[in-house]
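Trainee: Quick one: structure below, then a few questions.
Protein chains in written order, with our numbering: chain F, 6 to 490; chain G, 6 to 490.
Dropping the structure here:
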């Protein structure tokens, strides 16, 4: 075996040490729990897909980012192209595999299939801060229904996740592809330029209205496009006003009332812009979603954003984006941590029929970064996962330490046994290094008296107690520190 | 988008539908829980490794089975070899990544690092029944200690996992590379032929002694090798006798006593065979492990198997293999579902020092297959993960159904809302199809009286009750069916 000197993970990939795994699992568990409470069931698909399953699904740019797997033992011909070299690829997202599974199981899946899927995907993207080549997606999709119940429940579920993760200021922006389309029609942007216009529009609250309209000019989009400017500007201003006026969280109720009013105003303006069946359908959908989310106490959390476009061209109905407040409570919504919408054409891609579908994808990596920055993880994730370390007095007493460990594990504690008969000082140094909350000392006198000495590593307090009391003592502490964090 | 007709997962890969995911997670959760109770912490490494990290670590055969990833946008030269085409590869096992992580973090990992890792690996193997190209490994390793505490705790942890999964008949076979080596020396098998001899020996209880010795003859192993035959044969016979005599599980205690005696006898025979420091060290280790596991009530579960060799050449000390009984309770131990041992040379492969290490790997896929065959999964994994489906009476009452769903979720129930105002019969048909335990009907009269009708889908019973009682009713049922299974 030759010893390569590079022991880093591959570029853009990450190792997760225990503390990082615990934080990831903490977030994932909450996501799963909430999705399951809304009746979504777990699905898993393989990391490796047939290349033909993925090719052509992600546009030209996406195609370039797919990791392709070298055919095994393939002889390389002079004319070898990528196609000859590879027929497998790494999963690029969770939507195409879902579409494949739905087609493959069309006779045994229920008519309405609600699934969540939390798995890594791989993209040969240029690594950057917060952008990795292996990252998790948390997708949730409801297949088979055109009802706005689906959109409303997705909004409710995602909000509940953020509540449980203890995010305070967040908002779900809501728009509709059919409204966007009707609006662009109303200002005479030709159909074939809608996609360009949408991409430009989508940057509105990121780069500001002026920059958007400069871009629109450059792209030579209809001058009428500019007619939308005052409308959007007034909406954005209204939003900022509300956020500023009710920045204090004690005013959350008033803020919600204000955003309800805002939603009504925006709906009215939209109505005045658009004509025809398409726009009406969009408006009717949006009104239903707002009606339904009101039942789940989400008023003021779901706000209409007529400039929200979301890049992906496959959306066909409602579109949603979830945004965290930037710094202070409700200042502005510019940290996007997920989005979704209705895409009735996509899930049927491997079959013959169009299947209605609506989904949402949370950006796990982004959520983790923000939670880390804001110190939102429970304190107990930072300590060792073991509750207590049992010391070893000497070679002869190892059995006693193992026995005690067995007893404490029976009491549902997580127990480490120091693995060698080192000096006690060394054992304590180790306990501090691994950040274990308690050390249980089984020394000569403790062994003689059938007692243990329990040391709280946080406070430094230690006391010698009956062996049978040890587990209860640790558990009380555990309960207390949990309720504190 | 072209529509490929093949919607199967790639060859040797699998999709896991909800019920399968739940079964996999059930097993994984128990494995994690037990490993954590022994102070092991989770580690995760990326699916994609630098090719040079993996190359040369798995022997020539292993090398061939590594999935290599095509370099992106690489121009293919006439002279292109695999090396020019790929510098990344898919994880092949969890041990090499662990060694890399240990080397990479040698200054921030604790002196004793106990980690578990449950992740998929990929091998371009020929798919067969029970053999997949993507499969999970469940590894647990303790790095940094040479103490037999480690071996003993690994045996205890793995036993506890199998107990919690409700396996009845299983045994941990124990042997030691140094004993094997001393034994082969004692019958004059030259050092350079030990590996061959071990591989042959390892088949002893699989293909029978005669076949083993025929193979030994063919390989032209020392004739003295045959001197081991009567010894091994007598051990195997003794084992079968004990298993037959105490096949009834009510006799488990007697069986354990008999196996204790067996262990003592075997140790004595081994002692008589071997001479020299190496063998003595092995014997002393084995005795310590047996002493320690006795404390954890594992006597009779850990039995010495002097013919156990385990293929991997990297083991340096104790070796272990866990075997399930074949069909009846204790008939014979021929379903291997995991194994491990001490491998003091391997973890240091990326560094300069030798680091002591001992680990165990459970075969998740094998465990799942056996549990499925034997019907060992709790019944509740077979039903939908939702507790109750709420019907929708008509378009106007959708809000009421959503409201009830919110109330029940507040009570920690998992709730599906039927997404359309279909006929009630259709909604029930769906409830039966997705196998949800309860349907909560919110019809015209229920709405008028502020009640709900709850139908138990298993028994067919239904009753109209106060809205506030619904959650409690479902929970009681859930509790009952859990304690039954």
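Idealized CB from N, CA, C, for every residue including glycine.
Helix or strand or just coil, what does DSSP make of residue 73 of chain G?
Mentor: DSSP places residue 73 of chain G in strand when its eight states are reduced to three.
Trainee: Select from F:191, F:412, F:212 the residue whose C-alpha is nearest the C-alpha of residue 232 of chain F.
Mentor: Answer by Cα proximity: F:191.
Trainee: Do you know how far the Cα of residue 157 of chain G is from the Cα of residue 50 of chain G?
Mentor: Approximately 27 Å, taken between the alpha carbons.
Trainee: Mark residue 314 of chain F as exposed unless 16 or more other C-beta atoms lie within 10 angstroms of its C-beta, in which case mark it buried.
Mentor: Residue 314 of chain F should be labelled buried.
Trainee: Check the Cβ of residue 244 of chain F against every Cβ in chain G and list those closer than 9 Å, keeping chain order.
Mentor: Within 9 Å Cβ-Cβ: nothing; residue 244 of chain F doesn't reach chain G, min ~27 Å.
Trainee: For the stretch 150-204 of chain G, which segments carrying the beta strand (DSSP E) assignment without a break, of at least 3 residues, lie completely within its bounds, in sequence order?
Mentor: For the stretch 150-204 of chain G, whole beta strand (DSSP E) runs of length 3 or above, ordered along the chain, are 175-181.
Trainee: Apart from the five residues just before and just after residue 475 of chain F, which ones in its own chain have a Cβ nearer than 7 Å to its Cβ?
Mentor: These residues qualify, in order along the chain: 413, 445, 457, 459.
Trainee: What's the C-alpha gap between residue 151 of chain F and residue 344 of chain F?
Mentor: Between residue 151 of chain F and residue 344 of chain F, the C-alpha separation is close to 18 Å.
Trainee: For residue 122 of chain F, name the three-state secondary structure that DSSP assigns.
Mentor: Strand.
Trainee: For residue 375 of chain G, does the three-state DSSP call read helix, strand or coil?
Mentor: Note: residue 375 of chain G maps to helix in three-state DSSP.
Trainee: Verify the CB distance criterion: does residue 127 of chain G have a CB-CB separation below 8 Å to chain F?
Mentor: Chain F, which has a Cβ nearer than 8 Å to the Cβ of residue 127 of chain G, makes this yes.
Trainee: Among residues of its own chain, excluding the 5 on either side of residue 389 of chain F, which ones have a beta-carbon nearer than 6 Å to its beta-carbon?
Mentor: Result list for residue 389 of chain F: 439, 440, 441, in chain order.
Trainee: Name the two residues that bound the continuous alpha helix (DSSP H) containing residue 91 of chain F.
Mentor: Residue 91 of chain F -> not in any alpha helix (DSSP H); beta strand (DSSP E) instead, spanning 91-95.
Trainee: Is there a C-beta anywhere in chain F that falls below 8 Å from the one on residue 2 of chain G?
Mentor: Nothing can be reported for residue 2 of chain G: it is not among the residues displayed for chain G, which extend from 6 to 490.
Trainee: Near residue 261 of chain F, which residues of its chain fall below 8 Å by C-beta distance, leaving aside the five closest residues on each side in sequence?
Mentor: Same-chain partners within the cutoff: 304, 305, 306.
Trainee: Give every residue of the same chain whose Cβ lies closer than 8 Å to the Cβ of residue 137 of chain G, excluding the five residues on either side of it in the sequence, and list them in chain order.
Mentor: For residue 137 of chain G, where only same-chain residues beyond five positions count, the Cβ hits under 8 Å are 17, 18, 19, 370.
Trainee: Quick check on the DSSP output: the alpha helix (DSSP H) that includes residue 347 of chain F runs from which residue to which?
Mentor: Unbroken run through residue 347 of chain F is the beta strand (DSSP E), 340-347; no alpha helix (DSSP H).
Trainee: If you drop the 5 nearest sequence neighbours on each side, which residues of the same chain put their C-beta closer than 7 Å to that of residue 433 of chain G?
Mentor: These residues qualify, in order along the chain: 444.
Trainee: What did DSSP end up calling residue 141 of chain G once you bin it into helix, strand or coil?
Mentor: DSSP places residue 141 of chain G in strand when its eight states are reduced to three.
Trainee: Of all the alpha helix (DSSP H) runs that stay within the bounds of the stretch 235-316 of chain G, which reach a length of 4 or more residues?
Mentor: Listed in chain order, the complete alpha helix (DSSP H) runs (minimum 4 residues) inside the stretch 235-316 of chain G are 257-278, 281-300.
Trainee: Of all Cβ atoms in chain G, is any one closer than 8 Å to the Cβ of residue 457 of chain F?
Mentor: Cβ-Cβ to chain G under 8 Å: no for residue 457 of chain F.
Trainee: How about the stretch 414-431 of chain F and the stretch 96-115 of chain G: do they share at least three Cβ pairs that are nearer than 8 Å?
Mentor: Touching, no, given that fewer than three Cβ pairs across the two stretches are closer than 8 Å.
Trainee: Starting from the C-beta of residue 28 of chain G, find all residues in its chain whose C-beta is less than 8 Å away, skip the five residues before and the five after it, and write them out in chain order.
Mentor: Only 373, 376, 377, 382, 386 meet the Cβ criterion.
Trainee: Measuring CA to CA, which of F:193, F:241, F:196, F:200 is closest to residue 215 of chain F?
Mentor: Residue 215 of chain F has its Cα closest to that of F:241, out of F:193, F:241, F:196, F:200.
Trainee: Find the residues of chain F that neighbour residue 105 of chain G, judging by a C-beta separation of less than 7 Å, and give them in chain order.
Mentor: Residues of chain F passing the Cβ test: 12.
Trainee: Using the rule of at least 16 other Cβ atoms within 10 Å of the residue's Cβ for burial, across every protein chain shown, is residue 6 of chain G buried or exposed?
Mentor: Caution applies to residue 6 of chain G, whose pLDDT of 46 falls short of 50 and renders its modelled position unreliable; the model cannot decide the point.
Trainee: Under DSSP, the alpha helix (DSSP H) around residue 450 of chain F begins and ends at which residues?
Mentor: Here the alpha helix (DSSP H) through residue 450 of chain F covers 449-454.
Trainee: Since I believe residue 398 of chain F is in contact with residue 465 of chain F (beta carbons under 8 Å), could you give me their beta-carbon distance rounded to a whole number of angstroms?
Mentor: With 8 Å as the limit, residue 465 of chain F and residue 398 of chain F do not qualify as a contact, their Cβ atoms being about 21 Å apart.
Trainee: Taking residue 468 of chain G as the reference, which of G:451, G:34, G:405 has the closest Cα?
Mentor: With distances taken between Cα atoms, residue 468 of chain G lies closest to G:451.
Trainee: Note down, in chain order, each residue of its chain lying with its Cβ closer than 6 Å to the Cβ of residue 400 of chain G, except the 5 sequence neighbours on either side.
Mentor: Excluding sequence neighbours, residue 400 of chain G sits near 426.
Trainee: With a threshold of 8 Å between beta carbons, is residue 283 of chain F in contact with chain G?
Mentor: Cβ-Cβ to chain G under 8 Å: no for residue 283 of chain F.
Trainee: Of the choices G:358, G:405, G:301, G:454, whose alpha-carbon is the least far from that of residue 299 of chain F?
Mentor: That would be G:405, whose Cα lies nearest to the Cα of residue 299 of chain F.
Trainee: Where does residue 387 of chain G fall in DSSP's three states?
Mentor: In the structure shown, residue 387 of chain G sits in coil (DSSP, three-state: anything other than H, G, I, E or B).
Trainee: Looking at residue 54 of chain G and residue 96 of chain G, is the spacing between their C-beta atoms short of 8 Å?
Mentor: For residue 96 of chain G and residue 54 of chain G, yes; Cβs fall inside 8 Å.
Trainee: What is the DSSP secondary structure of residue 219 of chain F, reduced to helix, strand or coil?
Mentor: Reduced to three states, the DSSP call for residue 219 of chain F is helix.
Trainee: Could you give the distance in angstroms between the alpha-carbon of residue 116 of chain G and the alpha-carbon of residue 110 of chain G?
Mentor: If I take the Cα positions, the gap works out to 11 Å.
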